[in-house]
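A.B. asks:
Residue numbers (the numbering used here), protein chains in the order written: chain E, 1 to 402; chain X, 1 to 402.
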């Protein structure tokens, strides 16, 4: 879709919301390829641009969007006004390219909303206390939206995405996956980290902290999406909300290390020092007093993780270090897990009945994850989705939706 | 030239100036087609964009340039920092798209210059007292440069253009035109208004007011350009500094109106009320007590001027109204005119000798303008250029240049 058409579509959507009698503040990100084009320009003039100047450059993308959206709304006959992060008082720390929001000044927005205007705010950007322009990094525009919704005490923060909402599983893999009318912040956080990348973790965390009700919905349809809200008692009746897979990790195993205190710290200390993000950790004790320690890391960290593991492994007298990049993590998430027993057993049985071998297991309060061969990931996802009957509605949605 | 290459060239120029031991503040405008592209985008979403949102949109063009230039300088190993108009305290009135600068806060720039940094400032933009982003309209970036040079007390404000400097006449028309080493502010103002559009009037006026020495020079060569400075005694030795032509006007004549007091006011009052910019006015008294009043207006205003002139003319009992769009104004400019007599006569004689008819004449303290047929404009320009021997250096340039 051409950029101008996108802007007009968004304007029409905002206009409808205004027509319904709501006050509307809109947070927008940069248009289509704008950010990529700006990054390309930067790389043509400088091999290592300073982060400050990078933010100065990138923040223009959102500024173009807000001006165009305000114009498009004016063209439809609506009063609208756009603001940069600076103008609307989005104050961040000074960590250029990945700044964190410290405060939002709601006064200017409230004044304009009270005048009946639609307020258009540039996402992804802010200023530090010296009026230096900062950008928020990944998930920045969603995070801006949540911060502003929190400051304004908005009824709901609608997040428009390219999907219809949050599903019980990725519909591209599990055709009978069902759109969830509502999930809790915690479920959303567990799903996001497990690969259901509908919404950036950071925005969900902020929404949870500030109790902002999110509505994740499609930019392309009028349908209701998924509400992300604080946990309710009704939610617990649904044992599992969704299943997800993550193929982006690799497994590293340090074989046959002596089972003495402090071994784990000796291994994971150096890994943390190297900035390697370890996800799952499993330690198995053999009969001969030797342990095998397995862990997963993002594939991009595998090489560095292997180097560290081999170095530490030889110091500890390990028999060797193995790696397996061909793995997938299958996770089942649900707040109902807390009050229902046998959830893990059901998942293991389903995988076992299908002849899918489980390499690693980890559990949290509301999530069970199993590492399986990547080649069987899609099958595993379907099997678990079926086992928990996620394509069927098992609680009254009417109750669940509020 | 590609945008990145342009930026790199400017960076190299700034680097050389730094190497010479100067503190440098640079004002930049938007890259190549950026402004046109932004305007095109706006027109796709809105038929009549609000001026405020237009400024929000257009100001991103300069912000991209400053970030890229700072990066390019950093890539060359120089410390550089970029600032938007807001950040550097360029405060304007609230007249969006044509704002006027009220004040410039030099503190931030001085602090960075004192640290040895090259300071890159976005031209063409400012903020009003409510932090609303404004743009300065035509000549905006040059005006920003002069305002900052004034605030900093800079030794010189270099203006880089696509010409080599100010010439005695347009070299495309008069091949033996000579580059002037120095001109006065007033000469520059008279030349600019007569069509030598090297530098916008507004920037020259501000430079004159603040006594900022300008150096108009080429972006493409290392050669010295033309200094624009306060008038000196030496300048008066050069009778005429340059000649110029302006074909953008049309002549309107109101024929045979009664020669009674108040006639001119009755005609030019309504023209002014219609926002028509009248340039030259000539009133000729006939023997029968009837006057013909002729005046020139920009061609774009001709239709409106004719309507007003016909309406007023019939009220005044004029015989009729004529217009002539095929005219050109030839002007000779020089501060030496004040102390030299016979300058006008010399110009009239040169045109007369060439058989070129003069339709209108107007004079100011340092300028003589003659309206001639547009078809003979180039010839007239050469004839006058020759008459004053402008291709020859008539005063020692060494004296003149300081």
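Even glycine gets a Cβ: it sits at the ideal position worked out from N, Cα and C.
1. Against chain E, with Cβ distances strictly below 7 Å, would residue 53 of chain X count as a contact?
2. Buried or exposed: which applies to residue 390 of chain E, given that a residue is buried once 16 or more other Cβ atoms fall within 10 Å of its Cβ?
3. Tell me whether the segment 66-77 of chain E and the segment 100-116 of chain X touch, counting them as touching only if at least three CB pairs, one residue from each stretch, are closer than 8 Å.
4. Quick one: residues in its chain with C-beta nearer than 7 Å to the C-beta of residue 18 of chain X, no 5 flanking neighbours on either side, listed in chain order?
5. Exposed or buried, residue 308 of chain E, counting other C-beta atoms within 10 Å across all chains shown (16 or more means buried)?
6. According to the neighbour-count rule (16 or more other Cβ atoms, all chains shown, within 10 Å of its Cβ), is residue 388 of chain X buried or exposed?
7. Run through chain X and tell me which residues come within less than 7 Å of residue 60 of chain E, C-beta to C-beta.
8. In the structure shown, what three-state DSSP assignment does residue 306 of chain E receive?
9. Identify which residue in E:108, E:96, E:80, E:67 has its Cα closest to the Cα of residue 87 of chain E.
10. Inspect the CB distances between the segment 258-265 of chain E and the segment 355-375 of chain E and report whether three or more fall short of 8 Å.
11. What residues from chain X crowd round residue 75 of chain E, counting only those whose CB sits closer than 7 Å?
12. Specify the secondary structure class of residue 270 of chain E as computed by DSSP and reduced to three states.
13. Assess contact between the segment 53-70 of chain E and the segment 63-70 of chain X, defined as three or more Cβ pairs (one per stretch) separated by less than 8 Å. Is contact present?
14. Tell me whether residue 11 of chain E sits in a helix, a strand or coil according to DSSP, three-state version.
15. Residue 83 of chain E lies in the beta strand (DSSP E); which residues open and close that run?
16. Excluding the 5 residues preceding and the 5 following residue 312 of chain X in the sequence, name in chain order all residues of the same chain whose CB lies nearer than 7 Å to its CB.
17. Is the beta carbon of residue 250 of chain E closer than 7 Å to that of residue 299 of chain E?
18. Let's test the definition: count the other Cβ atoms within 10 Å of the Cβ of residue 16 of chain E and tell me whether it reaches 16, buried, or not, exposed.
19. Return the chain-ordered ranges of every alpha helix (DSSP H) run that is complete within the segment 96-138 of chain E and spans a minimum of 4 residues.
20. Could you round the C-beta distance between residue 214 of chain X and residue 228 of chain X to whole angstroms and report it? I think they count as a contact, below 8 Å.
21. Could you tell me how far apart the beta carbons of residue 127 of chain E and residue 91 of chain E are, in whole angstroms, since I believe they sit closer than 8 Å?
22. From the DSSP secondary-structure annotation, give me the bridge partner or partners of residue 215 of chain E.
23. Could you give the first and the last residue of the continuous beta strand (DSSP E) run that contains residue 294 of chain X?
24. How would you list, in chain order, the residues of chain E whose beta-carbon sits under 8 Å from the beta-carbon of residue 41 of chain X?
25. By alpha-carbon positions, which one of X:192, X:207, X:62, X:132 ends up nearest to residue 148 of chain X?
26. Determine, using beta carbons only, whether residue 33 of chain E comes closer than 7 Å to chain X.
27. Return the first residue and the last residue of the beta strand (DSSP E) that residue 284 of chain X is part of.
28. Return helix, strand or coil for residue 399 of chain X, following the three-state DSSP convention.
29. Tell me whether residue 257 of chain E sits in a helix, a strand or coil according to DSSP, three-state version.
30. Identify the contact partners of residue 152 of chain E in chain B, using a Cβ-Cβ distance below 8 Å as the criterion.
31. Could you tell me the alpha carbon to alpha carbon distance between residue 225 of chain X and residue 158 of chain X, rounded to whole angstroms?
32. Given a cut-off of 7 Å on the beta-carbon distance, is the pair residue 254 of chain E and residue 293 of chain E in contact?
33. How big is the Cα-Cα spacing for residue 404 of chain E and residue 336 of chain E?
34. Would you call the CB atoms of residue 460 of chain X and residue 4 of chain E closer than 7 Å?
35. If we ignore side chains and look at the alpha-carbon of each, how far apart do residue 20 of chain X and residue 179 of chain X end up?
36. Alpha carbon to alpha carbon, what distance is there between residue 205 of chain E and residue 162 of chain X?
C.D. replies: With the structure as the only source:
1. Position 53 of the second chain, counted from the first residue, corresponds to residue 53 of chain X. At least one chain E Cβ lies under 7 Å of residue 53 of chain X.
2. Mapped onto the first chain, residue 390 of chain E falls at position 390. Looking at its Cβ environment, which holds 16 or more other Cβ atoms inside 10 Å, residue 390 of chain E is buried.
3. They do not touch, by the three-pair rule.
4. Here residue 18 of chain X refers to the residue found at position 18 of the second chain. Closer than 7 Å at the Cβ level, and outside the excluded window around residue 18 of chain X, lie 24, 78, 118.
5. The residue you call residue 308 of chain E lines up with position 308 of the first chain. With 16 or more other Cβ atoms within 10 Å, it is buried.
6. As a working mapping, residue 388 of chain X is identified with position 388 in the second chain. Buried: at least 16 other Cβ atoms inside 10 Å.
7. On the first chain, residue 60 of chain E is found 60 positions in, with the first residue counted as 1. Going along chain X in sequence order, the residues near residue 60 of chain E (Cβ under 7 Å) are 60, 63, 64.
8. Counting from one through the first chain, the residue named residue 306 of chain E turns up at place 306. Residue 306 of chain E: helix per DSSP, three-state reduction.
9. As a first step, residue 87 of chain E must be located in the first chain, where it is residue number 87. The option with the nearest alpha carbon to residue 87 of chain E is E:108.
10. Touching, no, given that fewer than three Cβ pairs across the two stretches are closer than 8 Å.
11. Position 75 of the first chain, counting from 1, holds the residue named residue 75 of chain E. Result: 45, 46, 47.
12. Numbered from 1 along the first chain, position 270 holds the residue referred to as residue 270 of chain E. Three-state DSSP puts residue 270 of chain E in a helix.
13. yes
14. Along the first chain, read from residue 1 onward, the residue named residue 11 of chain E stands at position 11. Looking at residue 11 of chain E - three-state DSSP - the assignment turns out to be helix.
15. The residue given as residue 83 of chain E occupies position 83 in the first chain. Residue 83 of chain E -> beta strand (DSSP E) spans 80-83.
16. Working through the second chain from its first residue, we reach residue 312 of chain X at position 312. Here the set comprises 266, 267, 270.
17. Position 299 of the first chain, counting from 1, holds the residue named residue 299 of chain E. Position 250 of the first chain, counting from 1, holds the residue named residue 250 of chain E. A contact, by the Cβ cut-off of 7 Å.
18. As a working mapping, residue 16 of chain E is identified with position 16 in the first chain. So residue 16 of chain E ends up on the exposed side.
19. Taken in chain order, the whole alpha helix (DSSP H) runs of length 4 or more contained in the segment 96-138 of chain E are 107-114.
20. The residue labelled residue 214 of chain X in the question sits at position 214 within the second chain. The residue labelled residue 228 of chain X in the question sits at position 228 within the second chain. Their Cβ separation, rounded to whole angstroms, is 4 Å, which keeps residue 214 of chain X and residue 228 of chain X in contact under 8 Å.
21. Along the first chain, read from residue 1 onward, the residue named residue 127 of chain E stands at position 127. Along the first chain, read from residue 1 onward, the residue named residue 91 of chain E stands at position 91. Contact holds; Cβ gap of about 6 Å.
22. Translated into the one-based positions of the first chain, residue 215 of chain E becomes position 215. Paired residue(s): E:158, E:227.
23. Indexing the second chain from 1 puts residue 294 of chain X at position 294. Following the DSSP letters along the chain, one finds residue 294 of chain X inside the beta strand (DSSP E) bounded by residues 290-298.
24. Sequence index remark: in the second chain, residue 41 of chain X carries index 41 (1-based). Within chain E, the C-beta atoms nearer than 8 Å to that of residue 41 of chain X come from 3, 4, 64, 68, in chain order.
25. The residue you call residue 148 of chain X lines up with position 148 of the second chain. Taking only the C-alpha atoms, the option nearest residue 148 of chain X is X:207.
26. Taking the first residue of the first chain as 1, we reach residue 33 of chain E at position 33. No, its Cβ sits nowhere closer than 7 Å to a Cβ of chain X.
27. Against the second chain, residue 284 of chain X aligns to sequence position 284. 281-285 is the extent of the beta strand (DSSP E) around residue 284 of chain X.
28. Looking up residue 399 of chain X in the second chain gives position 399. Only weak support is given to the placement of residue 399 of chain X: the predicted model assigns it a pLDDT of 41, under 50, and the question is left unresolved by the model.
29. Against the first chain, residue 257 of chain E aligns to sequence position 257. Residue 257 of chain E: strand per DSSP, three-state reduction.
30. Given the protein chain composition of this structure (E and X), no chain B is represented.
31. Sequence index remark: in the second chain, residue 225 of chain X carries index 225 (1-based). Sequence index remark: in the second chain, residue 158 of chain X carries index 158 (1-based). If I take the Cα positions, the gap works out to 9 Å.
32. Residue numbering aside, residue 254 of chain E sits at position 254 when the first chain is read from its first letter. Residue numbering aside, residue 293 of chain E sits at position 293 when the first chain is read from its first letter. Yes. Within cutoff.
33. Lying outside 1 to 402, the shown extent of chain E, residue 404 of chain E is not represented and no answer is given.
34. Nothing about residue 460 of chain X can be read from this structure; chain X reaches only from 1 to 402.
35. On the second chain, position 20 is the one that residue 20 of chain X refers to. On the second chain, position 179 is the one that residue 179 of chain X refers to. Cα to Cα, residue 20 of chain X sits roughly 26 Å from residue 179 of chain X.
36. Looking up residue 162 of chain X in the second chain gives position 162. Looking up residue 205 of chain E in the first chain gives position 205. Answer to the nearest angstrom: the Cα atoms are 54 Å apart.
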